[in-house]
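With full-length UniProt numbering, letter number 39 in the sequence shown gets 39, and the count goes up by one each step, no holes. Glycine included, every Cβ here is placed at the ideal spot set by N, Cα and C. One structure is given below, encoded as structure tokens.
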Amino acid sequence: MKENEFTHKPLLTKREREVFELLVQDKTTREIAGELFISEKTVRNHISKEI
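Now the structure itself:
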């Protein structure tokens, strides 16, 4: 077996974790978008990602 066969992919990307951290701070989609310099739609996409 190859060495990397046992490495696991994180459930969330770095950006998804950033969105999540702001979400639990009770920030709105608009506030998160402004803070991360992304669109509100992108924020909603990150929030709705299925794991």
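Nearest to Phe37 by alpha-carbon distance, out of Arg15, Lys9, Pro10, is Arg15.
Bounds of the alpha helix (DSSP H) holding Phe20 are 14 to 24.
Excluding residues up to 5 positions away in sequence, Val19, Thr29, Ile32, Ala33, Leu36 lie with their Cβ nearer than 8 Å to the Cβ of Val43 in the same chain. Here His46 is buried: its Cβ has 16 or more other Cβ atoms, across all protein chains shown, within 10 Å.
If you draw a straight line from the Cα of Glu21 to the Cα of Leu12, it comes to about 12 Å.
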